[in-house]
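Chemist:
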Amino acid sequence: MKIQIPQGATEVKGAVRVQPQENVYLLSFVTSEQTAEAITKDLHPDYPLAVEGPSSSSLSWDGFKHLGLTAPQELKRVRTTSACPPCVSDSRRRHIQGIEIHIGEVSGNRVRVYLAAY
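Take the position in the sequence shown, starting the count at 1, then add 1; the result is the number in our numbering.
#1: Who are the near neighbours of F30 in its chain, counting only those whose CB is closer than 8 Å to its CB and skipping five residues on each side?
#2: If you run the structure through DSSP and keep just helix, strand and coil, what is I40?
#3: Are the beta-carbon atoms belonging to L76 and I100 less than 8 Å from one another?
#4: Taking 8 Å as the cut-off, does the stretch 79 to 91 touch the stretch 16 to 34 (at least 3 CB pairs, one atom from each stretch)?
#5: Can the beta-carbon of L28 be found closer than 8 Å to that of T41?
#6: Excluding the 5 residues flanking F65 on each side, which residues of the same chain have their C-beta closer than 7 Å to its C-beta?
#7: Take the Cβ of H67 as the centre, count every other Cβ of all protein chains shown within 10 Å, and call the residue buried at 16 or more, exposed below.
#8: Nearest-angstrom Cα distance between G69 and S92?
#9: Taking the C-alpha atoms as reference points, what is the distance between D43 and Q20?
#10: Quick check: the Cα distance between G109 and D47, rounded to an integer number of angstroms?
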C-alpha cells in the first residue's frame, strides 16, 4: 500500500491474505483522528468519509479477526470510504487496484484505521 505508519501510532498490525485471484493487504493501527483523516485524504478517496452502520466490506472479512482485531464490519459506527489509485494516477500505488478505508472510534481523540487493499 505504501502507507507511512504515522509517528505515535500504536497497535500496528498487518498481513497479506494470499488468494488464488489476487492478494489482499491488510493494515491497521491506532492514531489521532486528525492523522487518520490526513492519511485518508492522501489516498485520494472516491468520496468523503461517511458514517455507516455495520460495514459491508467485501475485503476485510475475517482477515482483521485473524490479526486479533474486531473486524470493521462489526463496528456499530464506522466512517468508511474507498480509493482507486489507478483512477487518480497515484503512481505510488500503481500495483493496487483499490483500497477500502474504515475508521472506528477507540476512545477520546484516538481512532483505529483499517486499510484493506487489493
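Here a beta-carbon is modelled for each residue, glycine too, at the ideal position from N, C-alpha and C.
This one's a predicted model, so the numbers in the text were calculated from it and none came from an experiment.
Modeler: Inspection of the coordinates gives the following:
#1: I6, P7, A10, T11, E12, V13, K14, R113 and V114
#2: helix
#3: no
#4: By the C-beta criterion, the stretch 16 to 34 is judged not to be in contact with the stretch 79 to 91, since fewer than 3 inter-stretch pairs fall below 8 Å.
#5: no
#6: L27, S29, A72, P73 and Y115
#7: When all chains shown are included, H67 counts as exposed.
#8: Each residue's alpha carbon lies about 32 Å from the other.
#9: 27 Å
#10: 27 Å
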